[in-house]
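Colleague: Just so you know, we're using the UniProt record's numbering here: the sequence shown kicks off at 1 and counts up by one.
For glycine and all other residues, C-beta sits at the position ideal for the given N, C-alpha and C.
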Amino acid sequence: MMAMTMNKHSLPPLPSIQGELMLDVYTHRSMLSKEVDESTPHGNTERLAELGNSVLSMIVMYTLFSEKPMLPAHDLKMRKSNTLSDKNIADWLSLYGLKAKIRCTDRSVLEKPEEARFLFNSYVGAVYTQKGLQVVTNWIGRLVNPALEPPPVPGETSNNQRAATPPPPPPTYYAQP
């Protein structure tokens, strides 16, 4: 089952966000300052959306990359593009009821694909900053393919323990002639 056929019953649980971060994500950017607020861990929602965009793109690609049988590179690129379509982003927002939670002066602005993407990316960025990579990977991995177990974070084993890697050898110093 792909993201395109997801319904409310197959939807993975939405990871929660707390505190000021939640207030910022649920307030439309037109009502917030564009200035970076150094007193917060995230600065502003513009920064969260940029982070979320990168995290979302990476996790979608890694989830597809991890599928068996392995997809050719061209298919990975096409599946990623299809998965991150404006329609899927809008569907996810709708299924999670996220648009209804947004405080804004003009609700019609939330129907624009770029606003939907901004909101979803902001939420992904917020989850990443508060919960970490594995939580986001579990969530997005199940959005991409609910039938499969999400892949473990790279560099970790399936039981969430760091993979054992030997330390690098000490540097070799050469005497000057």
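For V60, which residues from the same chain have a beta carbon less than 8 Å from its beta carbon, with the 5 sequence-adjacent residues on both sides left out?
Modeller: Taking the sequence shown and counting its residues from 1, one reaches residue 60 at position 60. Result list for V60: K80, T83, L84, I140, V144, in chain order.
Colleague: Report the three-state DSSP secondary structure of T27 (helix, strand or coil).
Modeller: In the sequence shown, the residue the question calls residue 27 occupies position 27. Of the three classes helix, strand and coil, the one that applies to T27 here is strand, per DSSP.
Colleague: For a quick check, are the C-beta atoms of V135 and P13 less than 7 Å apart?
Modeller: Numbered from its first residue, the sequence shown carries residue 135 at position 135. Numbered from its first residue, the sequence shown carries residue 13 at position 13. Contact flag unset, no.
Colleague: Starting from N138, trace the alpha helix (DSSP H) both ways and give me its first and last residue.
Modeller: Start at 1 with the first residue of the sequence shown, and residue 138 comes out as number 138. Run containing N138: 133-144, per the alpha helix (DSSP H) assignment.
Colleague: Would you call the stretch 61-78 and the stretch 104-119 in contact, with 3 or more CB pairs under 8 Å?
Modeller: Taking 8 Å as the limit for Cβ pairs, the verdict is that the stretch 104-119 does not touch the stretch 61-78.
Colleague: Based on Cα-Cα distance, which residue from Y62, L95, V109, S108 lies nearest to E149?
Modeller: Translated into positions along the sequence shown, residue 149 becomes position 149. Per the Cα distances, Y62.
Colleague: Looking only at its chain, what residues have a beta carbon closer than 7 Å to the beta carbon of K87, apart from the 5 residues adjacent to it on each side?
Modeller: Within the sequence shown, the letter at position 87 stands for residue 87. None.
Colleague: Cutting at 8 Å between CB atoms, please list the residues of its own chain near L93, excluding the five before and the five after it.
Modeller: Sequence index remark: in the sequence shown, residue 93 carries index 93 (1-based). Answer for L93: K99, A116, L119, F120, listed in chain order.
Colleague: Quick one, which of M58, Y123, T137 has its alpha-carbon nearest Y26's?
Modeller: Position 26 of the sequence shown, counted from the first residue, corresponds to residue 26. The option with the nearest alpha carbon to Y26 is Y123.
Colleague: Tell me, to the nearest whole angstrom, how far the beta carbon of G155 is from that of L48; I am working on the premise that it is less than 8 Å.
Modeller: Looking up residue 155 in the sequence shown gives position 155. Looking up residue 48 in the sequence shown gives position 48. So it is not a contact: roughly 25 Å between Cβ atoms.
Colleague: Near N53, what residues of its chain come up, given a Cβ to Cβ distance below 7 Å and the 5 sequence neighbours on each side ignored?
Modeller: Taking the sequence shown and counting its residues from 1, one reaches residue 53 at position 53. Within the same chain, N53 has close Cβ partners N121.
Colleague: Do S57 and P151 come within 7 Å of each other at the CB atom, strictly closer than that value?
Modeller: Numbered from its first residue, the sequence shown carries residue 151 at position 151. Numbered from its first residue, the sequence shown carries residue 57 at position 57. No, these two residues do not count as a Cβ contact at 7 Å.
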